[in-house]
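Q: Could you have a look at this structure, given as structure tokens, before my questions?
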Amino acid sequence: MARSLFLFDMTFWLYLASLTLYIAYLFARRPAMAFAAAGYPVEDYDERDGAWAAQLGQVATLVTVFGWMVNTAALLTRAFERLEHSGTFAPWSNQFEAMAYVSWAIILGYVLLELRYKIKAIGAFVVGIGFIAMGAASLLPYRYQTAEPLVPALNSYWIYIHVSVTLTSYAAFAMAGGLGVMYLFKERAEQRGSTSRFYAAFPDLETIDELGYKAIMIGFPLLAFGIILGAMWANYAWGGYWSWDPKETWSLIVWLIYGAYIHARMTRGWEGRRAAIYAVFGFLMVIFCFWGVNFLLSGLHAYA
Amino acid sequence: MNGRPETLSEQDTPRTPAPGVGWEEFSRELVEFFASIKLAMFLFLFIAMTATIGTVIQQGERPETYIQEYGEDAYRWFLRLGFTDVYHTWWFTSLLGLLCVNSLTCFYKRFPAVWRSMKQDKVNVSLSFVKGMKQQAEVTVPGTKESVAQRLAQHYVEKGYRVLAKNEGGEVTLYATKGVMGRVGAHMAHLSATVIVLGGLLGSYYGFQEFGVCLEGQTYHIPRGNFDLKVDKFWIDYHENGSVKSYNSTLTVVEGGEVKMTKTITVNDPLVYKGIWFYQSSYGDAWDQIEVARINIKDKETEKIVKTIDLEWQKEQTLSDLKLKLAITDFVADFAFNSTEKKVYSKTIEHANPAIKLTVNERSTVQATPWIFYQFPDLFEIKDSKYQFELVGYKPKKYTGLQIAKNPGINIVWIGSTMIVVGITLSSFIYHRRLWTKIIPGADGVTVHIGGTTHKSWIDFQKEFRKLTQTLRSFQA
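Chains as they are written, first to last, in the working numbering: chain W, 1230 to 1533; chain G, 196 to 672.
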């Protein structure tokens, strides 16, 4: 147990370091707005960085990737510990492990996003949420952090897929929430006509908006899949595929909230500010579904 | 940012307001209303909001619980609004029904356009239409219109587009499209809502869910399936640290005197026979049977314990040294006495006031059947007996709690579930892209006008469009 806890701890500090580096990176960048011609390709942002900022950015990425690898190692170690003690492999079998898995998925999503779009400024927000997830996990009391054997209801192969799919969707919504916050920051800066180098480093509003939408488009089908896997599991374990248990209901609520968003965006043009606020709101609902339901409401999912 | 492809591709037919409200007008308005996104959003959010009620207020509790927690006035309102069983109220069910109507009407109204865009060509567009696209470019390249069109069309095909071309009136028009499956997926998801609800209705009308308490070794008749279920064994497995690993019951299905199947069920592994599912749901201590009890035999005069014995359920034990024959003939977990029927029974299933009925035969002269209480050892005394009997402990018989359920709608629910997951996934990751190209011969070479639109995912489309124009510029002779 100690080995994985040490690695989880290390992950926490590495994410803190990478968050700090990303924020430092934002401050280190030169004001760039004046150089950017309209329609200037997004990929070329790097060219306008000072050498110092570029190096900081590289270090930030390296530390993030390293942190993610340690996070992976921590989860794997925990998986083997579980195999020894509790007859399952899934390293997402309690609240602590689930949080650590969510931050793993968020950081993975971020690294992929950075690889593909080459926008490092997002790191300050999305890695930030990953860090908070990891931090919240490590704040849990010790008895929540250990790999206790699973209660009989959880001891099933369904835990591998139902839980991981659902948690991955939470991670996608977390990314969308982070991007939403970023959008609101940037928009406010633009409205005030701020020339702060901090905001100048951000990608343009349209890009942030679209990326946030993309994250939701990944989370939405995943959550649907996760809910249905849960229904299938319930059909095996509880004798009915749907019993309006608070967790079930809340995941449906979250899904409906994002469903409304997707429809609104398709045809009623919900984008920009409204979409950003909505993404943050949706993420708060996800947090409630993930944490609030477990700690405030009682129900069949009380163990998770 | 997301274009409205419908208004781009379909020529909007201006609606001529007919005088008076005819049926046609009315039905069109009706379809318009039920297919509207506004209604969909209202339903999504309203269902989400009302669904929270049942997670905050405990559902299906006894009236006293609500009155105690919320007061009588609040409880009266709860009853009026159905807050004690929100998810089965007429209004909540209606909301779900309305969502089905909404998605079905949307399918009816919008799917034909998607279908047409799969089947029909959209080559007949004007130059101003191409130029009016949000994403558009104009490039002059050398070559004849045919050769350029050829190369461009090939490029589109390589990128996975379906291409239609027209060479007419001195210009070539190309129409390239891909990813219409994304929109088909969205409609598949729309249909799935109704499929799932139908499956649910079927289950709730023709299915059942029951709970059975079964003791080891007993056989129970299952009238709904017309077969018998024998509970062979119930036991609990533990982890090293003492926590429960699994609850297990071995069940045997007997039909027409013939053993059909035997299976050990656990919490995640039910037995299924003739569409009826038997789940390991709970377990507990039986309230009318025990396995063994420990009894102290005290000498009344000396008040000393002369012997401690373990008595098995309904098995007589002879103690020749004390000249005693003892047997436990009955047990109740929570002692109560019905004075009219003169019957002892267990008030609850809790072991709140356990008592055994001891049949005593002393020297073949004194015979008695006293109730011996675990909590009140001095309550009964057998007059002529030399001894006082005390119940110091017992091991209750375990019962296994089986959930018995049949749901004929389940497969329909799974079909709907598959549709919704596949549908949403398609519509999330595949987006419908369309490109129109006009190639018009000019002074030096040809002028290529490209305009394009996407259903969503604008950044990727912009990137693709940029690459496309770069490729086009590289067309050197």
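By construction, the Cβ of each residue, glycine as well, lies at the ideal position given by its N, Cα and C atoms.
From a predicted model like this one, the values you see are computed outputs, not experimental measurements.
Whose CA, out of W:K1443, W:D1438, W:F1235 and W:Y1254, lies closest to the CA of W:G1338?
A: Taking the first residue of the first sequence as position 1, residue 1338 of chain W is located at position 109. Looking at the Cα atoms, W:K1443 is the closest of the given residues.
Q: I'd like the span of the alpha helix (DSSP H) that includes W:A1400, first residue to last.
A: Translated into the one-based positions of the first sequence, residue 1400 of chain W becomes position 171. Unbroken alpha helix (DSSP H) run through W:A1400: S1393 to Q1420.
Q: How far does the alpha helix (DSSP H) with W:L1315 in it extend, from its first residue to its last?
A: By 1-based counting over the first sequence, the position of residue 1315 of chain W is 86. Correcting the residue identity first, residue 1315 of chain W is Ser in this sequence and not Leu. Element bounds for W:S1315: A1280 to S1315.
Q: Can you find a C-beta in chain G that's less than 8 Å from the C-beta of W:G1406?
A: Position 177 of the first sequence, counted from the start, is the residue given in the question as residue 1406 of chain W. Not an interface residue.
Q: If the cut-off is 8 Å on Cβ atoms, which residues from the stretch 1515–1526 of chain W count as contacting chain G, listed in chain order?
A: For the stretch 1515–1526 of chain W, which is checked against every Cβ of chain G, the residues closer than 8 Å are V1522 and L1526.
Q: Against chain G, which members of the stretch 1438–1456 of chain W pass a CB distance test of less than 8 Å?
A: D1438, E1439, L1440, Y1442, K1443, M1446, I1447, F1449, P1450, A1453 and F1454
Q: Determine the contact status of G:C295 and G:A388, defining contact as a CB-CB distance below 8 Å.
A: Stepping through the second sequence from its first residue, residue 295 of chain G is reached at position 100. Stepping through the second sequence from its first residue, residue 388 of chain G is reached at position 193. In this structure, G:A388 lies closer than 8 Å to G:C295 by Cβ.
Q: Is the beta carbon of W:F1290 less than 8 Å from the beta carbon of W:K1347?
A: In the first sequence, counting from the first residue as 1, residue 1290 of chain W sits at position 61. In the first sequence, counting from the first residue as 1, residue 1347 of chain W sits at position 118. It is Thr, not Phe, that sits at residue 1290 of chain W in the sequence shown. It is not a contact, given that the beta carbons lie outside the stated cut-off.
Q: What in chain W is Cβ-close to G:P465, meaning under 7 Å?
A: Position 270 of the second sequence, counted from the first residue, corresponds to residue 465 of chain G. Under the 7 Å cutoff, chain W gives Y1465.
Q: Interface residues of chain G around W:I1336 at Cβ under 7 Å?
A: Taking the first residue of the first sequence as 1, we reach residue 1336 of chain W at position 107. Simply none; closest approach about 22 Å.
Q: Given this structure, state the Cα-to-Cα distance separating W:Y1251 from G:S612, to the nearest angstrom.
A: Position 22 of the first sequence, counting from 1, holds the residue named residue 1251 of chain W. Position 417 of the second sequence, counting from 1, holds the residue named residue 612 of chain G. Their Cα atoms are separated by approximately 41 Å.
Q: Check G:L574 in the structure and name its three-state DSSP category.
A: Along the second sequence, one-based indexing puts residue 574 of chain G at 379. G:L574 falls in the coil class under three-state DSSP.
Q: Quick check: what's the CA-CA separation for W:V1515 versus W:T1293?
A: The residue labelled residue 1515 of chain W in the question sits at position 286 within the first sequence. The residue labelled residue 1293 of chain W in the question sits at position 64 within the first sequence. The alpha-carbon atoms of W:V1515 and W:T1293 are separated by roughly 24 Å.
Q: Where does G:I242 sit, in a helix, a strand or coil, going by DSSP?
A: What you label residue 242 of chain G is simply residue 47 of the second sequence in a count that begins at 1. Secondary structure of G:I242 (DSSP, three-state): helix.
Q: Is the Cβ-Cβ distance between G:E545 and G:K518 less than 8 Å?
A: As a working note, residue 545 of chain G is residue 350 in the second sequence. As a working note, residue 518 of chain G is residue 323 in the second sequence. No; because the gap between Cβ atoms is not below 8 Å, this pair is not in contact.
Q: Return the CA-CA distance between W:V1394 and W:L1452, expressed in angstroms with no decimal places.
A: Counting from one through the first sequence, the residue named residue 1394 of chain W turns up at place 165. Counting from one through the first sequence, the residue named residue 1452 of chain W turns up at place 223. Their Cα atoms are separated by approximately 7 Å.
Q: Buried or exposed for W:S1233, going by 16 or more other Cβ atoms inside 10 Å?
A: Translated into positions along the first sequence, residue 1233 of chain W becomes position 4. When all chains shown are included, W:S1233 counts as buried.
Q: Report the rounded CA-to-CA distance for G:V195 versus W:L1368, giving the unit in angstroms.
A: Limits of chain G in this structure are 196 at one end and 672 at the other, which puts residue 195 of chain G out of reach.
Q: Please say whether W:G1409 and W:G1441 have beta carbons closer to each other than 8 Å?
A: Walking along the first sequence from the start, residue 1441 of chain W turns up at place 212. Walking along the first sequence from the start, residue 1409 of chain W turns up at place 180. Against a cut-off of 8 Å, the Cβ pair of W:G1409 and W:G1441 comes out as a contact.
Q: Measure the Cβ-Cβ separation of G:T524 and G:T554 and say whether it is below 8 Å.
A: To locate residue 524 of chain G, count along the second sequence from 1; it is residue 329. To locate residue 554 of chain G, count along the second sequence from 1; it is residue 359. In contact: G:T524 and G:T554 (Cβ atoms closer than 8 Å).
Q: Using a beta-carbon distance below 8 Å, is W:Y1470 in contact with chain G?
A: Counted from its first residue, the first sequence places residue 1470 of chain W at position 241. Taking Cβ atoms only, chain G reaches closer than 8 Å to W:Y1470, which makes this a yes.
Q: First and last residue of the beta strand (DSSP E) that includes G:E536?
A: Within the second sequence, the letter at position 341 stands for residue 536 of chain G. Note, G:E536: premise wrong, no beta strand (DSSP E); not H, not E.
Q: Using a Cβ-Cβ distance cut-off of 8 Å, determine whether W:L1492 contacts chain G.
A: Residue numbering aside, residue 1492 of chain W sits at position 263 when the first sequence is read from its first letter. Rather than Leu, the amino acid found at residue 1492 of chain W in this sequence is His. So, interface residue.
Q: Are the beta-carbon atoms belonging to G:T564 and G:K552 less than 8 Å from one another?
A: Numbered from its first residue, the second sequence carries residue 564 of chain G at position 369. Numbered from its first residue, the second sequence carries residue 552 of chain G at position 357. The answer is yes: Cβ separation under 8 Å.
Q: Assign G:A246 to buried or exposed, taking buried as 16 or more other Cβ atoms, counted over all protein chains shown, within 10 Å of its Cβ.
A: Start at 1 with the first residue of the second sequence, and residue 246 of chain G comes out as number 51. With 16 or more Cβ atoms within 10 Å of its Cβ, G:A246 is classed as buried.
Q: Which residues in the same chain as G:K542 place their Cβ atom closer than 7 Å to its Cβ, once the five residues preceding and following it in sequence are excluded?
A: Numbered from 1 along the second sequence, position 347 holds the residue referred to as residue 542 of chain G. If the five residues before and after G:K542 are omitted, its C-beta is found closer than 7 Å to the C-beta atoms of D529 and A531, all from its own chain and listed in chain order.
Q: Starting from G:K651, trace the beta strand (DSSP E) in both directions and tell me its first and last residue.
A: To locate residue 651 of chain G, count along the second sequence from 1; it is residue 456. Element bounds for G:K651: n/a, residue is neither H nor E.
Q: Tell me which residues of the stretch 1330–1354 of chain W have at least one Cβ-Cβ distance to chain G shorter than 7 Å, keeping chain order.
A: none
Q: Pop quiz: G:H434 and W:P1381 are said to be a contact at Cβ under 8 Å. What is the actual Cβ separation, rounded to whole angstroms?
A: The residue you call residue 434 of chain G lines up with position 239 of the second sequence. The residue you call residue 1381 of chain W lines up with position 152 of the first sequence. Not quite, the Cβ-Cβ distance comes to about 10 Å (not below 8 Å), so this is no contact.
Q: Given a threshold of 16 other Cβ atoms within 10 Å of its Cβ, counted over all protein chains shown, does G:V467 qualify as buried or as exposed?
A: As a first step, residue 467 of chain G is located in the second sequence; it is residue number 272 there, counting from the start. Looking at its Cβ environment, which holds fewer than 16 other Cβ atoms inside 10 Å, G:V467 is exposed.
Q: Whose Cβ in chain G lies nearer than 7 Å to the Cβ of W:V1356?
A: What you label residue 1356 of chain W is simply residue 127 of the first sequence in a count that begins at 1. Residues of chain G passing the Cβ test: none, with the nearest at roughly 21 Å.
Q: Between the stretch 365–376 of chain G and the stretch 592–605 of chain G, are three or more C-beta pairs nearer than 8 Å?
A: Contact fails: fewer than three Cβ-Cβ distances are below 8 Å.
Q: Which residues in chain W sit within 8 Å of G:L240, going by Cβ to Cβ distance?
A: Here residue 240 of chain G refers to the residue found at position 45 when the second sequence is read from its first residue. The answer, in chain order, is L1485, I1486 and A1489.
Q: I want to know whether the stretch 278–286 of chain G touches the stretch 237–255 of chain G - three or more CB-CB distances under 8 Å.
A: Contact between the stretch 278–286 of chain G and the stretch 237–255 of chain G is present: 3 or more CB-CB pairs across the two stretches fall below 8 Å.
Q: Helix, strand or coil, according to DSSP, for W:P1270 in the structure here?
A: Stepping through the first sequence from its first residue, residue 1270 of chain W is reached at position 41. At W:P1270, the pLDDT of 49 sits below 50, so the modelled position is not reliable and the matter cannot be decided from this model.
Q: For G:I605, go through chain W and note every residue whose CB falls closer than 9 Å to its CB, in chain order.
A: Here residue 605 of chain G is taken as the residue at index 410 of the second sequence, counted from 1. Near G:I605 (Cβ distances below 9 Å), the residues of chain W are N1464 and Y1470.
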